[in-house]
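Student: Take a look at this one; I'll ask things after.
Number of protein chains: 2
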Amino acid sequence: MKALQEKIRKDGIVLSDEVLKVDAFLNHQVDPVLMKQIGETFAGLFKQDGVTKILTLESSGISPALMTALELNVPMVFARKRKPFTQDADVYEASVHSFTKQTNHIISVSRAFLNQADRVLIVDDFLANGQAAEGLIDIIDQAGAELCGIGIVIEKAFQPGGKRLRDRGIRVESLASIRSLENGTVTFQEEAHAK
Amino acid sequence: MKALQEKIRKDGIVLSDEVLKVDAFLNHQVDPVLMKQIGETFAGLFKQDGVTKILTLESSGISPALMTALELNVPMVFARKRKPFTQDADVYEASVHSFTKQTNHIISVSRAFLNQADRVLIVDDFLANGQAAEGLIDIIDQAGAELCGIGIVIEKAFQPGGKRLRDRGIRVESLASIRSLENGTVTFQEEAHAK
Numbered sequence: 001m002k003a004l005q006e007k008i009r010k011d012g013i014v015l016s017d018e019v020l021k022v023d024a025f026l027n028h029q030v031d032p033v034l035m036k037q038i039g040e041t042f043a044g045l046f047k048q049d050g051v052t053k054i055l056t057l058e059s060s061g062i063s064p065a066l067m068t069a070l071e072l073n074v075p076m077v078f079a080r081k082r083k084p085f086t087q088d089a090d091v092y093e094a095s096v097h098s099f100t101k102q103t104n105h106i107i108s109v110s111r112a113f114l115n116q117a118d119r120v121l122i123v124d125d126f127l128a129n130g131q132a133a134e135g136l137i138d139i140i141d142q143a144g145a146e147l148c149g150i151g152i153v154i155e156k157a158f159q160p161g162g163k164r165l166r167d168r169g170i171r172v173e174s175l176a177s178i179r180s181l182e183n184g185t186v187t188f189q190e191e192a193h194a195k
Numbered sequence: 001m002k003a004l005q006e007k008i009r010k011d012g013i014v015l016s017d018e019v020l021k022v023d024a025f026l027n028h029q030v031d032p033v034l035m036k037q038i039g040e041t042f043a044g045l046f047k048q049d050g051v052t053k054i055l056t057l058e059s060s061g062i063s064p065a066l067m068t069a070l071e072l073n074v075p076m077v078f079a080r081k082r083k084p085f086t087q088d089a090d091v092y093e094a095s096v097h098s099f100t101k102q103t104n105h106i107i108s109v110s111r112a113f114l115n116q117a118d119r120v121l122i123v124d125d126f127l128a129n130g131q132a133a134e135g136l137i138d139i140i141d142q143a144g145a146e147l148c149g150i151g152i153v154i155e156k157a158f159q160p161g162g163k164r165l166r167d168r169g170i171r172v173e174s175l176a177s178i179r180s181l182e183n184g185t186v187t188f189q190e191e192a193h194a195k
C-alpha cells in the first residue's frame with residue numbers, strides 16, 4: 001500500500017535493526033485518514049470471505065481494526081491484555097509471549113462476542129514473531145469460529161511470524177512488508193525484489 | 001444522542017446502582033457504525049473551535065476518538081497507561097486514580113505529539129469521577145496547549161466528575177447522560193427532566 005509505505009519512510013523512526021517506531025501515525029498518535037485507507041484496503045482484500053467479525057488486540061490494533069469493521073459493516077472485538085493471575089470463567093483466554101518485553105501476558109475475549117457461527121478476520125498493527133496472532137487464533141479455535149485470514153499493517157518480514165502462519169495455510173495480507181531495517185534504512189520487500 | 005440511548009437500553013447491562021456494562025458495543029465489542037455517528041456528533045458540536053488534536057486514553061476511548069478525529073480531519077493521540085515505577089523523560093505524565101479498581105496508574109503522552117500550538121478536544125468513553133479527564137487536562141496544561149472541551153460518550157451524571165469539570169468552566173458534552181441506574185434500570189437525564 002503506497003500511502004502507508006510513504007508514511008513509514010517519512011515518519012517512521014528506525015531505532016535498531018529490529019525496531020521500527022511508528023508512534024507518529026499508528027501506535028500513539030494516529031492518522032485517521034490513513035487508518036480509513038487501511039480499513040478500505042483490508043475490506044477490499046477480504047470482501048469475498050463472508051467475514052462476520054474483526055478481531056484485534058488492545059491498544060494499537062484497535063484503530064485499523066475499527067476502520068476495517070466499518071467498511072465491512074461488522075462488529076470489531078478487541079482482546080484484552082491482563083495479568084496472568086486473575087481469572088474469569090466467561091472468557092476465552094490465551095497466553096502470549098512478548099519477545100521485546102520478555103514477558104508473558106494473558107489475552108482474553110468474552111465468550112459473549114465470539115462463537116462457532118463467526119467468520120473472523122484478525123487485524124493487527126504489527127507482525128514480527130507472530131505471538132499475538134497465534135494467541136488470537138487460539139481464541140478463535142476455542143470459540144469454534146472460523147479464521148478467514150489475517151490483515152497486518154506492517155510486517156517485519158525478516159522475523160519468523162509471517163512465514164510460520166503462512167506455512168499453516170493461513171492467508172496473511174500485509175500492507176507494508178519490511179525486508180530489512182539495516183543501516184537505519186527501511187527496505188520494503190517489493191524493493192528488494194526489484195533489485 | 002438517540003441512537004446511543006437506544007443502544008444502551010438494548011445492549012447495556014446494569015450490574016449495580018453504579019456500574020453499567022457496555023461491553024457489547026463500546027468497551028470490548030465495538031459497533032463501528034455507532035462509533036462513526038458518535039464521531040460525527042462530536043465533530044458537529046466542536047467544529048467551530050479550531051480543534052487541532054483529539055486526545056483520549058487507551059483502550060476504550062480510542063474508537064470514539066478516532067472517528068471524531070476522522071470527521072475533524074486532525075490527528076488522534078491516545079495517552080498510554082503504565083505502571084508508576086517506569087520513567088521516560090520524553091513524555092508528559094499524570095497520575096490517575098481509579099475508584100473502581102482502587103489503584104493509581106500513570107498516563108503519559110509523548111512530548112512529540114502535543115505542544116503549545118495545539119487546541120485539544122478530549123474524547124472518552126465514560127465520565128464518572130472524572131479522574132481520567134483530570135489527568136488528560138493536566139497533560140494538556142504541561143504541554144501549554146489549549147483545551148477546547150471534552151466529549152464524553154456516556155456520563156454517569158450521578159457521580160461528581162461532570163459537575164466538577166463544568167464548575168471549572170470547561171465545556172463538557174455528553175452524548176448520553178445517565179441520571180440513575182437504580183432498580184436495574186437506566187434513567188437518562190432528559191427523562192428525569194420530563195417527569
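So the sequence lines, in the order shown, correspond to chains L and Z. Quick note on numbering: the first sequence equals residues 1 to 195 in the UniProt record's numbering. Quick note on numbering: the second sequence equals residues 1 to 195 in the UniProt record's numbering. We put the CB at the ideal spot given by N, CA and C, even for glycine. Quick caveat, the model's predicted, so the values are computed rather than measured.
#1: Going by DSSP, what residue range makes up the beta strand (DSSP E) through residue 197(L)?
#2: Under three-state DSSP, which class holds Leu147(L)?
#3: Any beta carbon from chain Z within less than 8 Å of Gln37(L)'s own beta carbon?
#4: So, is Ser95(L) buried or exposed, given that buried needs 16 or more other C-beta atoms within 10 angstroms?
#5: When the cut-off is 8 Å and only beta carbons count, does Met76(Z) lie next to chain L?
#6: Tell me where the beta strand (DSSP E) around Met76(Z) begins and ends.
#7: Give the residues from the stretch 5–21 of chain L that approach chain Z closer than 8 Å (Cβ to any Cβ), ordered along the chain.
#8: When the distance is taken between beta carbons, is Gln116(L) closer than 8 Å to Gly144(L)?
#9: Please list, in chain order, all residues of the same chain as Ser180(L) whose beta carbon is under 7 Å from its beta carbon, the five residues on each side excluded.
#10: Since I believe Glu40(L) is in contact with Glu6(L) (beta carbons under 8 Å), could you give me their beta-carbon distance rounded to a whole number of angstroms?
#11: Assess contact between the stretch 91–108 of chain L and the stretch 20–39 of chain L, defined as three or more Cβ pairs (one per stretch) separated by less than 8 Å. Is contact present?
#12: Between Ile154(L) and Ile137(L), is the Cβ-Cβ spacing less than 8 Å?
#13: Hey, is the stretch 61–70 of chain L in contact with the stretch 101–111 of chain Z, meaning 3+ C-beta pairs nearer than 8 Å?
#14: What residue range is occupied by the uninterrupted alpha helix (DSSP H) comprising Phe46(Z)?
#15: Using a 10 Å radius around the Cβ and a threshold of 16 neighbouring Cβ atoms, would you call Lys195(Z) buried or exposed?
#16: What does Glu93(Z) pair with, by DSSP beta-bridge criteria?
#17: Rounded to whole angstroms, what is the Cα-Cα separation between Lys81(Z) and Asn73(Z)?
#18: Compute the Euclidean distance between the alpha carbons of Ile122(L) and Ile170(Z), then round it to the nearest angstrom.
#19: Which residues share a DSSP beta bridge with Gln29(Z)?
#20: Can you tell me where the beta strand (DSSP E) holding Asp124(Z) begins and where it ends?
#21: For my contact list, Leu34(L) and Ala3(L) are in at a C-beta cut-off of 8 Å; report their separation, rounded to the angstrom.
#22: Who are the near neighbours of Ser174(Z) in its chain, counting only those whose CB is closer than 6 Å to its CB and skipping five residues on each side?
#23: Given this structure, state the Cα-to-Cα distance separating Gly130(Z) from Ile54(Z), to the nearest angstrom.
#24: Got a sec, what are the start and stop residues for the alpha helix (DSSP H) Leu66(Z) sits in?
#25: Rounded to whole angstroms, what is the Cα-Cα separation between Glu182(L) and Val14(L)?
#26: Could you give the first and the last residue of the continuous alpha helix (DSSP H) run that contains Lys53(Z)?
#27: Just tell me which of Leu45(L), Ile139(L), Arg111(L) has its CA closest to the CA of His1(L).
#28: By the DSSP assignment, the alpha helix (DSSP H) with Ala157(L) in it spans what residues?
#29: When the cut-off is 8 Å and only beta carbons count, does Gln116(L) lie next to chain Z?
#30: Using three-state DSSP, classify Phe188(Z) as helix, strand or coil.
#31: Give the interface partners of Glu58(Z) over in chain L, defined as CB-CB distance under 9 Å, in chain order.
#32: Would Thr185(L) be called buried (16 or more neighbouring beta carbons within 10 Å of its own) or exposed?
#33: Would you give the residue range spanned by the alpha helix (DSSP H) that Lys2(Z) belongs to?
#34: Does any residue of chain L have a CB that is nearer than 8 Å to the CB of Lys195(Z)?
#35: In angstroms, rounded to a whole number, what distance separates the CA positions of Gly162(Z) and Gly162(L)?
Tutor: According to the structure data:
#1: Because chain L is modelled from 1 through 195, residue 197(L) falls outside the range shown and cannot be assessed.
#2: Against the first sequence, residue 147(L) aligns to sequence position 147. In this structure, Leu147(L) counts as strand in the three-state DSSP scheme.
#3: Position 37 of the first sequence holds residue 37(L). By this cut-off, Gln37(L) is not an interface position.
#4: For the purposes of this step, residue 95(L) is identified with residue 95 of the first sequence, where counting begins at 1. Answer is exposed; the Cβ neighbour count stays below 16.
#5: Taking the second sequence and counting its residues from 1, the one referred to as residue 76(Z) is at position 76. True, the Cβ-Cβ gap to chain L drops below 8 Å.
#6: Position 76 of the second sequence, counting from 1, holds the residue named residue 76(Z). Per DSSP, Met76(Z) belongs to the beta strand (DSSP E) from 76–82.
#7: If the cut-off is 8 Å between Cβ atoms, the stretch 5–21 of chain L has nothing near chain Z.
#8: On the first sequence, residue 144(L) is found 144 positions in, with the first residue counted as 1. On the first sequence, residue 116(L) is found 116 positions in, with the first residue counted as 1. Cβ atoms of Gly144(L) and Gln116(L): closer than 8 Å.
#9: The residue given as residue 180(L) occupies position 180 in the first sequence. Around Ser180(L): Phe158, Thr187.
#10: On the first sequence, residue 6(L) is found 6 positions in, with the first residue counted as 1. On the first sequence, residue 40(L) is found 40 positions in, with the first residue counted as 1. Glu6(L) to Glu40(L), Cβ: 17 Å. No contact.
#11: no
#12: Numbered from its first residue, the first sequence carries residue 154(L) at position 154. Numbered from its first residue, the first sequence carries residue 137(L) at position 137. No. Outside cutoff.
#13: no
#14: By one-based count along the second sequence, residue 46(Z) stands at place 46. Unbroken alpha helix (DSSP H) run through Phe46(Z): 32–46.
#15: Locating residue 195(Z) in the second sequence gives position 195, where the first residue counts as 1. Unreliable placement is indicated for Lys195(Z), whose pLDDT of 43 sits below 50; no coordinate value is reported for it.
#16: To locate residue 93(Z), count along the second sequence from 1; it is residue 93. In DSSP, Glu93(Z) forms a bridge with Ser108(Z).
#17: For the purposes of this step, residue 81(Z) is taken as the residue at position 81 of the second sequence. For the purposes of this step, residue 73(Z) is taken as the residue at position 73 of the second sequence. Answer to the nearest angstrom: the Cα atoms are 25 Å apart.
#18: Indexing the first sequence from 1 puts residue 122(L) at position 122. Indexing the second sequence from 1 puts residue 170(Z) at position 170. Rounded to the nearest angstrom, the two C-alpha atoms are 40 Å apart.
#19: Taking the second sequence and counting its residues from 1, one reaches residue 29(Z) at position 29. The partner list for Gln29(Z) (beta bridge, DSSP) reads Val77(L).
#20: Looking up residue 124(Z) in the second sequence gives position 124. Here the beta strand (DSSP E) through Asp124(Z) covers 119–127.
#21: For the purposes of this step, residue 34(L) is taken as the residue at position 34 of the first sequence. For the purposes of this step, residue 3(L) is taken as the residue at position 3 of the first sequence. Rounded, the Cβ-Cβ distance is 6 Å, consistent with contact.
#22: As a working mapping, residue 174(Z) is identified with position 174 in the second sequence. Correct list, in chain order: Ile152, Glu155.
#23: Within the second sequence, numbered from 1, the residue matching residue 130(Z) stands at position 130. Within the second sequence, numbered from 1, the residue matching residue 54(Z) stands at position 54. Spanning the two alpha carbons is a distance of roughly 18 Å.
#24: Taking the first residue of the second sequence as 1, we reach residue 66(Z) at position 66. 62–72 is the span of the alpha helix (DSSP H), which, as asked, contains Leu66(Z).
#25: By 1-based counting over the first sequence, the position of residue 182(L) is 182. By 1-based counting over the first sequence, the position of residue 14(L) is 14. Approximately 9 Å between the Cα atoms of the pair.
#26: For the purposes of this step, residue 53(Z) is identified with residue 53 of the second sequence, where counting begins at 1. Per DSSP, Lys53(Z) belongs to no alpha helix (DSSP H); it is in the beta strand (DSSP E), 53–57.
#27: By one-based count along the first sequence, residue 1(L) stands at place 1. Here residue 1(L) turns out to be Met, not His, going by the sequence shown. Here the closest residue by C-alpha is Leu45(L).
#28: Here residue 157(L) corresponds to residue number 157 of the first sequence, with the count starting at 1. First-last for Ala157(L): undefined, no H or E at that position.
#29: The residue you call residue 116(L) lines up with position 116 of the first sequence. Closer than 8 Å: no.
#30: Sequence index remark: in the second sequence, residue 188(Z) carries index 188 (1-based). In the three-state DSSP reduction, Phe188(Z) falls in the strand class (E or B).
#31: The residue you call residue 58(Z) lines up with position 58 of the second sequence. Neighbours of Glu58(Z) on chain L, chain order: Glu58, Ser59, Ser60, Ile62.
#32: Taking the first sequence and counting its residues from 1, the one referred to as residue 185(L) is at position 185. Classification for Thr185(L): exposed.
#33: The sequence position of residue 2(Z) within the second sequence is 2, counting from 1. Going by DSSP, Lys2(Z) is part of the alpha helix (DSSP H) stretching over 2–11.
#34: Counting from 1 along the second sequence, the entry for residue 195(Z) is found at position 195. Caution is warranted here: a pLDDT of 43 is assigned to Lys195(Z), below 50, making its placement in the model unreliable, and no coordinate value can be reported.
#35: Working through the second sequence from its first residue, we reach residue 162(Z) at position 162. Working through the first sequence from its first residue, we reach residue 162(L) at position 162. Near 47 Å, if we compare the C-alpha coordinates of Gly162(L) and Gly162(Z).
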